Ligand code: G1P
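Residue numbers (our numbering): 2 to 271.
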């Protein structure tokens, strides 16, 4: 099972900072944001992390490639802790596929179809960091308890936020687990079936990947992952794990990125 990390976006909200540097490479305390997401994917038990990149964003690949010269120089200078950190990240088992055109999240995920080889797969959106790495194993446990069904993480959001997210309809089957009946991407508040918003962590069945092959543009003219999830409900069960918003750290806007830096810095040094 692979962990997919879509990373081909333009980083518009961070321009001009992201003109020459990918948004995913922006610093969060002591490492680029995407390093947390890759580490979460590796910790999940997935047998590989696949970054869905754009051809323009070489810096991401350089970050996860070995740099023996730098490691040797650091060791020569007695900076072994830095050398260890550089060596470790350069050896992470990360591979790449390319999204040639920014046609939406559903299209990005479909670009990794071959890498998933007909198996279930995780999708980790990089705008949210989960530094304790506990969310994917919790989702896997829900999936295992329901015959290998797809599981998505959702969180309650206030009314004025629902139109920013994918939103589920369904019913609770346990304290923190819902059975999903339908999903809608970025609904107006009056059309939102609940206030449970898709959070950016998914464990999906191979059938979702197949359905993405027929993905049509949806909200915003983009091929939406949410639409494929809604479509698969005609054939398969899906569950939602209700997570605590405090378990994830948003880095999707300048303001939330700054706040996440502050909180994680305090935690590390507090
Ligand atoms: C994407 C998904 C949306 C989800 C959100 C979580 O939207 O399409 O369903 O709720 O991520 O962050 P985006 O933020 O890319 O617009």
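For each residue, glycine too, the CB sits at the ideal point set by N, CA and C. Bear in mind the structure is a predicted one, so any value in this text is a computation, not a measurement.
DSSP places residue 157 outside any alpha helix (DSSP H); the residue lies instead in the beta strand (DSSP E), whose first and last residues are 151-157. Counting other Cβ atoms within 10 Å of its Cβ, residue 225 reaches 16 or more and is therefore classed as buried. Within 7 Å of the C-beta of residue 189 there is not a single heavy atom belonging to ligand 1. The beta carbon of residue 106 sits closer than 7 Å to at least one heavy atom of ligand 1.
For secondary structure counted as the beta strand (DSSP E) over 3 or more consecutive residues, the stretch 68-116 holds these complete runs in sequence order: 95-99. Look at residue 202 here: in three-state DSSP terms it is strand. For residue 229, the enclosing alpha helix (DSSP H) starts and ends at 226-233.
The shortest C-alpha to C-alpha distance from residue 132 to any of 206, 16 and 38 is the one to 38. Only buried fits residue 233, as 16 or more other CB atoms lie within 10 angstroms of its CB. Collapsing the DSSP output to three states places residue 250 in a strand.
Under DSSP, the beta-bridge partners assigned to residue 240 are 152 and 180. The Cβ atoms of residue 212 and residue 155 do not sit closer than 8 Å to each other. Straight through space, the alpha carbons of residue 185 and residue 164 are spaced by roughly 10 Å. Check the Cα spacing between residue 98 and each of 203, 50 and 207: the tightest is with 50. Within 10 angstroms of the beta-carbon of residue 250 lie 16 or more other beta-carbons, which makes it buried. The straight-line gap separating the alpha-carbon atoms of residue 220 and residue 202 is approximately 20 Å. One alpha carbon belongs to residue 35, the other to residue 68, and they sit about 18 Å apart.
Spatial neighbours of residue 71 in its own chain (CB-CB distance under 7 Å, excluding positions within 5 residues in sequence) are listed in chain order as 87.
No Cβ-Cβ contact shorter than 8 Å links residue 110 with residue 11. The C-alpha of residue 42 lies about 15 Å from the C-alpha of residue 25. The Cβ atoms of residue 55 and residue 22 lie no closer than 8 Å to each other. Between the C-alpha atoms of residue 223 and residue 215 there is a straight-line separation of about 13 Å. Contact between residue 200 and residue 129 holds, since their C-beta atoms are separated by about 7 Å, short of 8 Å. Residue 112 and residue 145 have their C-alpha atoms roughly 26 Å apart.
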